[in-house]
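What follows is one structure encoded as structure tokens, with my remarks underneath.
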Amino acid sequence: MDISRQEQKALHVMAQGGRIILERDEDGKVTEAICVTRDGWVLTGFTLELFKKLKRRRYIASRNSGPYRITERGIKSVRGQADNR
């Protein structure tokens, strides 16, 4: 499967323990999505449209009203990247 560079970055962050924080309005509708790394840094370029795209492709999912995490399908689609630690 072909995935964009931004999708690749987001999935890589999620695979390393990152999470997605959703902000909702009074009606409960999602207004903003923020991807946070395991170290607490915010991933730039992560938009609500990108969140919806990852969710639609089932690369990320929420279980039991918990935070959105990468799925097995998402892990298989992400290409390996060197971790500069």
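Numbering (our numbering), first residue to last: 1 to 85.
No residue lacks a Cβ here, since even glycine has one placed at the ideal position from N, Cα and C.
Report buried or exposed for Val78, applying the criterion of at least 16 other Cβ atoms within 10 angstroms of its Cβ.
So Val78 ends up on the buried side.
Whose C-alpha, out of Gln6, Arg73, Leu48, is nearest the C-alpha of Lys29?
Leu48
His12 versus Asp27, Glu23, Cys35, residue with shortest Cα-Cα distance:
Residue Cys35 is the option with its Cα nearest to His12.
Mapping the DSSP letters down to three states, classify Arg24 as helix, strand or coil.
strand
Check this for me: beta carbons of Gly18 and Thr37, under 7 angstroms apart or not?
For the 7 angstroms CB-CB criterion, Gly18 and Thr37 form a contact.
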